[in-house]
Structures are given as C-alpha cells and as structure tokens.
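Its first residue numbered 5, the sequence shown is counted upward by one per residue in the working numbering.
C-beta atoms are modelled at their ideal positions from N, C-alpha and C, and glycine is treated no differently.
Quantities reported herein were computed from a predicted structural model and do not represent experimental measurements.
Each remark here refers to the structure printed beneath this line.
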Amino acid sequence: MTPPRTTLLPRPRAAEVLPAPAAPRRPWATALRATASGAAAAGPVIALATGYASPTLIHFTVLANLLIAGAFGWSAVRSWRGGPPLSPRLSGGVLLLAAVTGLMYHLVLVNHGGSPMGASRAGPAPEADWSIAASLLLHTITPSAVAADWLLLTAPRALRLAHIPLWLSAPAAYLGIVLTRGALLSPDAPARYPYPFLDVDTYGYAGVLTQALALGLLFTALGLLITTVDHLRPNVAGWFQHRRNRISPPAAGGLK
5 MTPPRTTLLP RPRAAEVLPA PAAPRRPWAT ALRATASGAA AAGPVIALAT GYASPTLIHF
65 TVLANLLIAG AFGWSAVRSW RGGPPLSPRL SGGVLLLAAV TGLMYHLVLV NHGGSPMGAS
125 RAGPAPEADW SIAASLLLHT ITPSAVAADW LLLTAPRALR LAHIPLWLSA PAAYLGIVLT
185 RGALLSPDAP ARYPYPFLDV DTYGYAGVLT QALALGLLFT ALGLLITTVD HLRPNVAGWF
245 QHRRNRISPP AAGGLK
C-alpha cells in the first residue's frame, strides 16, 4: 500500500517560508514623539547658548531633558519603522523624570526662591526672553509632552512596581555626581551646588542626605502613583487603533 501523496511532498525550507508581515507605521505617533524629542533637546540648547542657570549641564532638569530627548527620538524611529514600543522599564523611568522635573519646579523651586529664573529676570530683556523660553521648554512643555504620550499613545497596565527601584537609580546617580563635584571644587567656586537643598556648606552632609532621603521617598510615592494610574486609566491608544481598523477594506475578507 502506497502512502498518501501528501507525505511525499517535500517540506519547505526555512528560507522559503514567508516572513511575518511588518507592523504598520504610526506617522502620528512618530510626529508627536519627534516633536517632543525636539522640545526636550531645544531647552538644554537654549540654556547652554544663553547661560541660563550656569553651569547648565549640572542641573537635574537639563540632564533629564537630554535623556528624554534621546528616549523620545529613538521611540519616534521605532514608531516610523513599525517596531515595538520602548520597554516600560525605560518609558516609565522617563515619565518619572519628567514628572519630577515639572513638579519640583512648579511646586518647590518657584515658591521657595530656588528657581534660577530669578537671576535671569534682572538681565536685558532679550536675554530674559530666551531664559523664559528655556524655562518653559525644560519645566513645562517637555513634561507635558511626556505625560501626553503616556496617556494617549501607550497601552495601559504595562508599568510594574518592580520597575520603581530602576527608575530611582537616575536621581540617586545624580545625587552622587553633585556631591562628588562639590567635594572636588574649591569652597569659593561659583554654583558649587546647583540647588539650595544640596548645599553641603549650609546643611552639612548629614542634612543634605536627610533631605535627599526625603525627596527619594517622595519620588518613590510618585512612582507608585504613576504605576497605579497606569493600571486604572483607559486604553486610549487602543481606542484610536480600533477606530482606525473598524471598517475593513473591501478585499479583507468575504461578504458578511
């Protein structure tokens, strides 16, 4: 008895198997993320060009915006190529940095005289205008763009409590950089410590570390809040995707 003809057919080789179709490009997400990346990069550039909050590169806000610019630039490239979204370990950390930047400025630094804007307003009007533009980009526009991307373009329930220690590593590394830099500079160096609450000359190391620990607990609570909201918020990105795919093209299938 001869075997069925199907068993005699050769198996297709791996190279002959059709690849999985690529995910569609997301031009709107690409445009929004590229704009956010440009805004996050423009703030530090203007700050460096105008001497805003000198020395500029030691400020947490500037460093956070540079990290956000890089992350959103890469996210825009992935959206244009139809690639997967960024890992929630990275996107959640970027979101926490943006939230810390915006909230610390608007709730703490402005109200307690720690904002570098106070020095810029005494200068000529054009320089003050550029400083205001840099401050808006660094502290308001970029954090708002990151929050909008999270709420509108990402799927919910991706962030985890286990991610929070990784997110806090960036502020902890910044604290180490500031304290090491301050210890290496001479006591009469200008802007030895970029923020008043990190001034070792005023509070000592014990006082600075105590305040840093309190801020770390606040950042942890903020990370918990962000994670909780992420698990409760509606899937706006999925709703937009459903709206786009609700009407199938005529050739997509048979009559219904």
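Residues G96, L163, R164, L165, H167 and I168 of the same chain have their beta carbon placed closer than 8 Å to that of T231, with the five preceding and five following residues left out of the count.
By the Cβ criterion, the region 104–111 is not in contact with the region 78–94, since fewer than three pairs of Cβ atoms, one from each stretch, lie closer than 8 Å. Contact between L156 and V240 holds, since their C-beta atoms are separated by about 5 Å, short of 8 Å.
In this structure, P48 keeps its C-beta atom at 7 Å or more from the C-beta atom of L71. Y178 and F76 have their C-alpha atoms spaced approximately 21 Å apart. In this structure, DSSP gives L157 a helical state, which the three-state scheme calls helix. Y197 carries a coil assignment under DSSP once its states are collapsed to helix, strand and coil.
Per DSSP, reduced to three states, the secondary structure at A57 is coil, with no helix or strand assignment. Looking only at L111, A195, V212 and G220, the smallest Cα-Cα distance to T144 is reached by L111. In its chain, beyond the 5 residues on either side, L61 and Y178 have a beta carbon closer than 8 Å to the beta carbon of L67. Judged by beta-carbon spacing, A40 lies within the 7 Å limit of A149, meaning their Cβ atoms are closer than that value. Of the residues A44, R30, W78 and A57, the one whose Cα lies closest to the Cα of P194 is A57. Of the residues assessed, P28 falls on the exposed side of the cut-off, its CB having fewer than 16 other CB atoms within 10 angstroms. No Cβ-Cβ contact shorter than 7 Å links L170 with R237. In the displayed model, L90 falls within coil according to three-state DSSP, outside both helix and strand. For S190, there is no enclosing alpha helix (DSSP H), as DSSP marks it with neither H nor E. DSSP places N69 inside the alpha helix (DSSP H), whose first and last residues are F64 to R85.
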